[in-house]
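In this note's numbering, the protein residues as written are 1194 to 1407. Glycine is no exception: its CB is placed at the ideal position from the N, C-alpha and C atoms. Predicted, not measured: the structure shown is a model, and the values here were computed from it. Below is one structure, written out as structure tokens, with a few remarks after it.
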């Protein structure tokens, strides 16, 4: 999408359902051009303006009709993600690169008014927070999630059916036990779990662990 969209009087794109933005976010309010869009993909936009990302998205597509949001190849602070989810009441699918949560106060987030509100009202069924669509050039993976952080997502997305995530290797067994073996009450509706980028040896050990719990 070009940075500038010139206004065409009486013109819109009624047949467009999916808008893809690559590299540069538009400056123009183009929500009126795409009245029937329900999917938005933002790819490789490293320089986010100071204004909140939620306002930028609202200039591209009416937030209340967005059902699928994909954010790839740039980092979105968790607080901004919460703001996005708060105003996209019909969002069902969220795909986002793994969030860097090492500097985030998880307890403070869970006690915030917006987080508590979201746990009850969001409709998200599918969450993909993996690097599987990005070329990895280093073995250092600070974005792999610990069980504590996965619990945060489970608490937030209580209607979750499909989850794709990368898990910190030392916590693989505990995470699988939490998600699918013990049938923890907050994840009883989970139908599909994909733990991405598991080394072959760890996958072998994890398979043996699951069989031992049957």
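According to DSSP, residue 1321 shares a beta bridge with 1288 and 1357. Nearest neighbour of residue 1313 by Cα position, chosen from 1279, 1288 and 1324, turns out to be 1279. When Cβ pairs closer than 8 Å are counted between the two stretches, the region 1291–1309 is seen not to touch the region 1254–1267, the count staying below three. Membership of residue 1314 in any beta strand (DSSP E) is not indicated; the residue belongs instead to the alpha helix (DSSP H) covering 1306–1314.
Membership of residue 1236 in the beta strand (DSSP E) is indicated by the continuous run 1232–1236. In this structure, DSSP gives residue 1391 a state outside helix and strand, which the three-state scheme calls coil.
Here residue 1206 carries a coil assignment [DSSP, helix/strand/coil]. Between the alpha carbons of residue 1309 and residue 1301 lies a distance of about 11 Å. Counting other Cβ atoms within 10 Å of its Cβ, residue 1397 stays below 16 and is therefore classed as exposed. Sixteen is the threshold: since fewer than 16 other Cβ atoms of the shown chains lie within 10 Å of the Cβ of residue 1387, the residue is exposed. Spanning the alpha carbons of residue 1305 and residue 1275 requires a straight line of approximately 10 Å. Boundaries of the beta strand (DSSP E) harbouring residue 1263: 1261–1265, taken from the DSSP string. The residues 1282 and 1283, in chain order, have a CB closer than 7 Å to that of residue 1257 in the same chain once the five nearest residues on each side in sequence are set aside.
Under the three-state reduction of DSSP output, residue 1212 falls in the strand class. The DSSP-derived three-state label of residue 1271 is helix.
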